[in-house]
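Okay, so here's the structure we're looking at.
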Amino acid sequence: MYRTNRAGELRAADVDKTVTLSGWVDRRRDHGGVEFIDLRDASGVAQVVFRDSEAAKQAHELRNEFCVQVTGVVSRRPDGNENPELPTGEIEVVADRLTVLSSAAPLPLPIDDKVDVGEDVRLKHRYLDLRRTGPATAIRLRSEANRIARELLHDEGFVEIETPTLTRSTPEGARDFLVPVRLQPGTWYALPQSPQLFKQLLMVAGFERYYQIARCYRDEDFRADRQPEFTQLDIEASFVVEDDIIALGEKVVTALWKNLAGHEITGAIPRITWREAMGRYGSDKPDLRFGVELVDLSSYLEGSEFRVFSGALAAGGHVGAVVMPGGASQTRKQLDGWQDWAKARGARGLAYVLFDEHTGEPRGPVAKNLSQAHLDGLAAATGAKPGDAVFFAASADKIEALELLGAARLEIGRRCELINEDEWAFCWVVDAPMFGKTDEGGWTSLHHPFTSPNSDWAANFQDDPGEALAYAYDIVCNGNEIGGGSIRIHDAEMQSRVFETLGIDEAEASEKFGFLLEAFQYGPPPHGGIAFGWDRVCTLLSKADSIREVIAFPKSRGGHDPLTGAPTTITAQQRKEAGVDAKPEAKQQS
RNA sequence: GGUCCCGUGGAGCAGCAUGGAGUGCUCGCCGCCCUGUCAAGGCGGAGGUCGCGGGUUCAAAUCCCGUCGGGACCGCCA
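Numbering (the working numbering), first residue to last: 10 to 599.
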């Protein structure tokens, strides 16, 4: 037996008990005759004292992170020596036996939550990083999130089903990770980008309610909130409409935030349509923790002789603005900084007008290009007050202009410190468009090709694909998309009209997802679902800056695992066996 | 594919603008002292190709070019 108690759980009530503890040397304090060891295990830390014994001499040899076992008597600390900072601060273990279970080399990083360490070092020695309370807490929180979701969905009658991770490419749009197949040289599995098709098949199979904490893979570039392998809480249900899934999603989010963030979500989470989100916030995942809404100036500036505006409007585009409170006091350098900021985003620049702090007079380079009438009404049209700055975006592509303003809005929120970091602001973004324009002028699914049009567009979405709306919904928290889903198409005729609109002919449809279409010949139930970006949810709940904090062994840029060194090259023998270079025998694609 | 930031003993940083001896700080490490500390304290010590390569210069951590590695963002990606 390695221990009788857990170190962090000892209390005054345990005084006089003889206990054995096992754990790590969190810190040693050597006083030349008395040795203090903070012994740490997963439960916490307890102080161990060695005095006047053979064990004390042994304890002198201990170093940080040695793994040790001690036996001693729990004692009340001498008066005045209690440590109110520690849950175990009233007691200490007066030890008479010490066993070194294993020693530790000098550490490559301090096991200390008070010290910042570079992420590369942390990840290379992640097993030591995770001995620290902060990083370990994020991983434990994730475990709790899993438990809460499982319990809730179990209570709601959902069945947890694992779907394959060796499969064929699903039509999600991202690049696939591919796995060579030894038994059929020259053929490849794809790792799933999501269990999308399988969960729909499970609806055809009659489970009615499915969920899975599913690992997904996408071979795209990194971000602070993106890893090549990530996890979704994936949910699908039959005989549901949009409101049913939204209600379920709210239950999940409410339970998570109540238990893990101490935040009570009261009432229904507000819904905003996709178009409204774009128009007011320039984003399909608006951060509602602050105001500063966009203004549509397209009609107000009608007839403007300023080329930038008139050009955009003549092309049927959009001119909009966003107000930066107090922005007129910015230095020339700061205003130039905005131009660089806009250019980094692919825009030509960011036109602005400043309203004088005292007189309210509009000034700045763009002001000279506007007519007196347009200038006179500008403050009223934008809601700008004296001392504010107004940024403009104009583009023939309305979405492009709105997204630039939306990005500017977020930047204003940051620079003006308008965001309360302790706040949680949720919303559903609903009524997403079914289709988006491709660079080639065709249409592509904004969600995926099985997303159902809403009832208004069910019959005629193909006539005006750019305007058609879907039963598709995203849930957004503080400007992060944490989940999204849709009601699926269960009607073959409607599905073929979607394929037609997407320019997918029957042969291609049957090649890509014939198995799903075939399944749908056998009485598919109406169904829909949602998938939560589980890593993002856990990142938010743990208030972390990066998704990597809630992943035990994350990858760094380029898909490199700093700990194992993966990916690696393979031997010629492995290459041959895997059939990487083999030409497929005449078959496949059916 | 693009833009930007970072790289200095084991960890974290300063030094760089305005070139002048590997200079400094905090922690860790090694040794000695110390019987009530809890981020213990005191004294002493070791540890460096300033990521790498090239260039400018009498002289480069410092300036220039390239490259590698890490990070943030855009493109891409639900």
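Backbone N, C-alpha and C define an ideal beta-carbon position, used for all residues, glycine too.
Small disclaimer: the values here were computed from a predicted structure and weren't measured.
Just the C-alpha distance for residue i and residue j, rounded to the nearest angstrom, thanks.
| i | j | result |
| --- | --- | --- |
| K208 | G291 | 33 Å |
| V546 | V57 | 39 Å |
| F231 | W350 | 21 Å |
| R85 | A51 | 23 Å |
| M503 | R497 | 11 Å |
| W433 | E520 | 45 Å |
| F59 | V34 | 13 Å |
| C486 | T142 | 26 Å |
| Q202 | A104 | 55 Å |
| P194 | V261 | 44 Å |
| G326 | Y226 | 37 Å |
| R37 | E44 | 7 Å |
| H457 | I281 | 21 Å |
| G5 | M443 | Residue 5 falls outside the range modelled here, since the chain spans only 10 to 599, and no answer is possible. |
| L648 | G475 | For the chain, the structure presents residues 10 to 599; residue 648 sits outside this window and is missing. |
| Y531 | F216 | 15 Å |
| T600 | T453 | Outside the modelled stretch of the chain, which goes from 10 to 599, sits residue 600, for which no answer is possible. |
| K267 | S464 | 35 Å |
| L525 | R284 | 31 Å |
| I120 | L363 | 51 Å |
| G493 | A540 | 6 Å |
| M287 | G445 | 14 Å |
| T548 | A468 | 41 Å |
| V601 | A389 | No statement about residue 601 is possible, as the shown extent of the chain runs from 10 to 599 and does not include it. |
| Q471 | G523 | 22 Å |
| R584 | T578 | 9 Å |
Take residue i and list the residues in its own chain whose beta-carbon comes closer than 7 Å to its own, dropping the five residues that flank it on each side.
| i | result |
| --- | --- |
| Q597 | Confidence in Q597 is poor, its pLDDT being 48 and thus under 50, which makes the residue's placement too unreliable to answer from. |
| L379 | S313, F315 |
| G166 | R218 |
| Q348 | G358, L359 |
| R354 | L413, A416 |
| R49 | A16, G32, W33, D35 |
Which residues in the same chain have their Cβ closer than 6 Å to the Cβ of residue i, if we skip the five residues on either side of it in sequence?
| i | result |
| --- | --- |
| E99 | A21, E91 |
| T29 | R12, T13, T80 |
| E586 | R191 |
| V213 | A528, P533 |
| E490 | K294, D483 |
| K592 | G195 |
Using CA atoms only, rank isn't needed, just tell me which of the options is closest to residue i.
| i | options | result |
| --- | --- | --- |
| Y219 | F248, R232, D234, D50 | F248 |
| L265 | A581, P334, V250, S551 | S551 |
| M333 | K394, H367, E169, I148 | K394 |
| Q241 | W543, C76, M10 | W543 |
| D606 | A434, D138, K585 | Because the chain in this structure spans residues 10 to 599, residue 606 falls outside the shown range and cannot be described. |
| E101 | G17, V109, L187, P576 | G17 |
| S178 | L187, D570, A575, T172 | L187 |
| A553 | L150, I539, Y11 | L150 |
| L411 | S495, P295, V126 | P295 |
| F400 | V213, G568, Y361, E515 | Y361 |
| E251 | A441, E490, F470, E420 | A441 |
| F239 | E245, L257, R224 | R224 |
| D406 | P571, E169, A356 | A356 |
| R424 | A481, A330, Q343, T263 | Q343 |
| K66 | Q78, R49, G41, V83 | G41 |
| G335 | V317, V304, V24, G392 | G392 |
What does the Cβ neighbour count give for residue i, buried or exposed, with the cut at 16 atoms within 10 Å?
| i | result |
| --- | --- |
| T460 | buried |
| H383 | buried |
| R289 | buried |
| L71 | buried |
| S599 | Below a pLDDT of 50, predicted positions are generally treated as unreliable, and S599, at 38, falls in that range; the measurement from the model is reported next regardless. With fewer than 16 other Cβ atoms within 10 Å, it is exposed. |
| F435 | buried |
| A64 | buried |
| S630 | Outside the displayed span of the chain (10 to 599) sits residue 630, for which this structure offers no information. |
| S112 | exposed |
Cutting at 8 Å between CB atoms, please list the residues of its own chain near residue i, excluding the five before and the five after it.
| i | result |
| --- | --- |
| L322 | S307, L310, E311, S313, V328, A403 |
| Q236 | D544, I556, R557, I560, P563, K564 |
| G588 | P189, V190, R191, Q193, P194, G195, T196 |
| G300 | L427 |
| K352 | G358 |
| E515 | S505, F508 |
Could you check how far apart the C-beta atoms of residue i and residue j are, in whole angstroms? I think they sit under 8 Å.
| i | j | result |
| --- | --- | --- |
| L200 | D185 | 7 Å |
| L107 | C76 | Actually they are not in contact, since the Cβ atoms of L107 and C76 sit about 12 Å apart, beyond 8 Å. |
| D483 | V438 | 5 Å |
| V54 | T27 | Wrong, their Cβ atoms sit about 20 Å apart, outside the cutoff. |
| L269 | E430 | In fact, because the Cβ distance is near 17 Å, the residues do not count as touching under 8 Å. |
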